[in-house]
Every structure is written in C-alpha cells, then in structure tokens.
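Asker: My structure is below; once you've seen it, I'll send some questions.
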Amino acid sequence: MKGIFITGEGPEGAGKTSILNRLAKEFSDKGYPILLTREPGGISIAEKVREVILDPKNTEMDARTEALLYAAARRQHLVEKVRPALESGAIVLCDRFIDSSLAYQGYARGLGIDEVYEMNLFATQEMMPDATLYFDIEPEQGLKRIEMHKGREVNRLDLEAIDFHHKVCEGYEILLDKFADRMHKIDASGTFEQVYEQAKQTFKEIIRAHGK
Ligand SMILES: Nc1ncnc2c1ncn2[C@@H]1O[C@H](COP(=O)(O)OP(=O)(O)OP(=O)(O)O)[C@@H](O)[C@H]1O
Ligand SMILES: [Mg+2]
Numbered sequence: 001m002k003g004i005f006i007t008g009e010g011p012e013g014a015g016k017t018s019i020l021n022r023l024a025k026e027f028s029d030k031g032y033p034i035l036l037t038r039e040p041g042g043i044s045i046a047e048k049v050r051e052v053i054l055d056p057k058n059t060e061m062d063a064r065t066e067a068l069l070y071a072a073a074r075r076q077h078l079v080e081k082v083r084p085a086l087e088s089g090a091i092v093l094c095d096r097f098i099d100s101s102l103a104y105q106g107y108a109r110g111l112g113i114d115e116v117y118e119m120n121l122f123a124t125q126e127m128m129p130d131a132t133l134y135f136d137i138e139p140e141q142g143l144k145r146i147e148m149h150k151g152r153e154v155n156r157l158d159l160e161a162i163d164f165h166h167k168v169c170e171g172y173e174i175l176l177d178k179f180a181d182r183m184h185k186i187d188a189s190g191t192f193e194q195v196y197e198q199a200k201q202t203f204k205e206i207i208r209a210h211g212k
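Set out below in structure tokens:
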C-alpha cells in the first residue's frame, strides 16, 4: 500500500484524541494527505455493530461476543475507509485500533492477548499498523484529566475501577515488548505542548522512514 497506517494508543485521558487532532490539523495544513479516523468511523454497518456492543440493555453480552463484535466493526471500517485511503497514498491516523482490543479484552478482561490477536488477524487479513504512537501515562493521571474536564470529583466508582485501568496499562506494556518494532512510546505525563512536541517529532520520523 502506498500510504502509512499510524495508530494512537494508551489509557483513558492520555491525550490520544487531542494530540492526534492537532497533528492531523498541522500536517493537513502543510499539505500532507492526512485521514484522521477512529472506529467505527461513520461507517454505517460498523456504527450498527457498535450500537449492539454499547447498548446498556445487552447485559448478557459475553466477553468473547464483545471481542468478536469489535473485530467485526474494525473489519468494516478498515475495508470501507482505511484501506482505500492507504491505497490512495494517505497517511491514516487512527485513534485506537487492534492494540486496544488486546489490552482491554485480551489482557484486562482476561480473554488472552494471543487469542484476541489471532481472531483480529482474521478480521484485518493480517493487516497491522505501520507504526503506533503509545501515549504513556499513569492511569490515575489520565482519569484525573477526564474528571477535571467534566468538572466533578473523582467518585467511588472511578476509584473502584482503577485496578482495571492498571491492568490495561500492564497489557499495553506487554504489547510494547511484543511489537517493539512499530511501537513508539511517548511520555504523556507533561503539559499538552510537551506531549505534542514529542508526538510531532516521532510522527516526522515515522513518515520520513516511509519516504514521505
Ligand atoms: N498533556 C495534557 N495535560 C493536561 N490535560 C490534557 C493533556 N492532554 C489532553 N488533556 C485533556 O485531557 C482530557 C483527555 O484528553 P483526550 O480526550 O485527548 O484523551 P484520550 O487519550 O483521547 O482519552 P480516551 O481514551 O478517553 O478517548 C481532555 O479534556 C484534554 O483536553
Ligand atoms: Mg479519545
């Protein structure tokens, strides 16, 4: 494929969405062919699959069913949006992708990273990101950013869930090792400008390495 497929990963509140937005804006303005997307990415089949996953009425949803549905939505978004953009030479920036399934469902929910990976490879026909920006932050700090944004105190439920968020980060640590070639770790604990500068340097290195 002619383009470059770059994903953004990391725990909640790490700054993925804000940093990727800014990168997309700055480099589009400079004339780079950027497509910023996230699953389900406005793809109608993928949106419908996501509605099933997220519907609070579906309390009987089994963890493997959930993982399969995420992979199904991923497949459709990839086929309809990501792949055509890459074929036309775009730099695709995708806000979360396969690593989120591996860290959240595979590791934190206990389905097994390798099992969820195998199943996702069927969905993506072995297509993996060329590079991944990993926004590294302690889950407490990420959650605090989200709470500050909402303007309320961290409540009991948020604190109860913290173990889960730590497991997600442990899962991501395994992925940083497993996929060391494509993973680029960014210290996301600083100010927005500090994180953005690192992300921008890394992004420039990635596109240079791919001849853009
Ligand atoms: N470096 C930073 N310092 C302080 N606040 C930040 C920083 N980066 C982003 N924020 C703010 O923190 C909040 C969470 O950021 P953002 O939505 O980009 O995170 P995210 O990684 O996309 O989270 P999620 O996984 O929930 O989508 C936003 O309100 C954002 O403006
Ligand atoms: Mg986000």
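For the sequence shown, the tail end lands on 212 under full-length UniProt numbering, and the numbers increase by one without skipping. We put the beta carbon where it would ideally sit given N, CA and C, even for glycine.
#1: Quick check on DSSP: helix, strand or coil for Phe-179?
#2: Quick check: Ala-188 and Ala-14, are their CB atoms within less than 8 angstroms of each other?
#3: Using the Cβ count rule (16 or more neighbours within 10 Å means buried), how would you classify His-165?
#4: Note down, one range per segment and in chain order, each alpha helix (DSSP H) of at least 4 residues found wholly within the stretch 13-65.
#5: May I ask you to check if the CB of His-184 is nearer than 7 angstroms to at least one heavy atom of ligand 1?
#6: Does the distance from the CB of Ile-91 to the CB of Ile-4 come in under 8 angstroms?
#7: Tyr-134 lies in the alpha helix (DSSP H); which residues open and close that run?
#8: Hey, would you say the C-beta of Glu-140 is under 7 angstroms away from at least one heavy atom of ligand 1?
#9: Thinking C-alpha only, which one of Arg-38, Arg-109, Gly-142, Leu-121 is nearest Ala-71?
#10: If we call anything under 8 angstroms between Cβ atoms a contact, is Met-119 one with Ile-98?
#11: The beta strand (DSSP E) spanning Glu-9 covers which residue range?
#12: Val-116 lies in the alpha helix (DSSP H); which residues open and close that run?
Answerer: Reading it off the structure:
#1: coil
#2: yes
#3: buried
#4: 16-29, 44-54
#5: no
#6: yes
#7: Looking at the DSSP string, Tyr-134 is not in any alpha helix (DSSP H); the run it does join, the beta strand (DSSP E), is 131-136.
#8: no
#9: Leu-121
#10: no
#11: 4-9
#12: 113-124
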